[in-house]
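Numbered by the numbering used here, the letters in the sequence shown go through residues 1 to 99 in order.
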Amino acid sequence: MILEVALIDIRPGEEEAFTAAYRTAHTLVRGTPGFRSIRMTRGVESPSRFVLLVEWDTVEAHLENFRETDRFTQWRGHIGPYFASPPVVEHFTDISTDA
């Protein structure tokens with residue numbers, strides 16, 4: 001399992017519009033092969049900062065099945081207009097606690 005983490009800064013004053021756009025657009029991600037879960041969180045101290053957490057089967061599922069498709073273009077069309085700057089996106093894996 002891969003965790004995609006995206007730090008998203010939204011232009012101040014447009015947080016509610018961004019949230020509404022996300023509520024519409026998240027279904028584009030949900031329908032992607034290799035998708036597991038999606039969650040958007042909002043900063044308490046920095047309410048214009050959001051963190052998107054998406055679980056994928058593999059990095060390739062994210063990149064090939066989503067980013068390289070029209071789904072991503074539509075996704076970005078919904079939420080992109082509210083970005084203050086391009087999101088910072090990275091992939092993470094769990095650390096095993098087994099010895």
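Heads up, the beta-carbon is just placed ideally off N, CA and C, and yes, glycines get one too. What you are looking at is a predicted structure, and each value in this text was computed from that prediction instead of being measured.
C-beta contact flag for residue i and residue j at 9 Å
i	j	result
R49	L3	no
L52	R39	yes
R71	G31	yes
Cβ-based burial, residue i [other Cβ within 10 Å; buried from 16]
i	result
V54	buried
F18	buried
Which listed residue (the options) has its alpha carbon closest to that of residue i
i	options	result
R76	S46, T24, R42, W56	T24
S46	V89, R11, Q74, P86	R11
Inter-residue spacing [alpha-carbon to alpha-carbon] between residue i and residue j
i	j	result
T15	D57	It is worth fixing the name first, because residue 15 is Glu in this sequence and not Thr. Going from the Cα of E15 to the Cα of D57 covers about 30 Å.
I95	M1	11 Å
A61	P86	22 Å
Strand pairing of residue i, partner residues [DSSP]
i	result
D9	R49
Closer than 9 Å to chain B by CB, residue i
i	result
F83	Protein chains in the displayed structure number just one, and chain B is not present.
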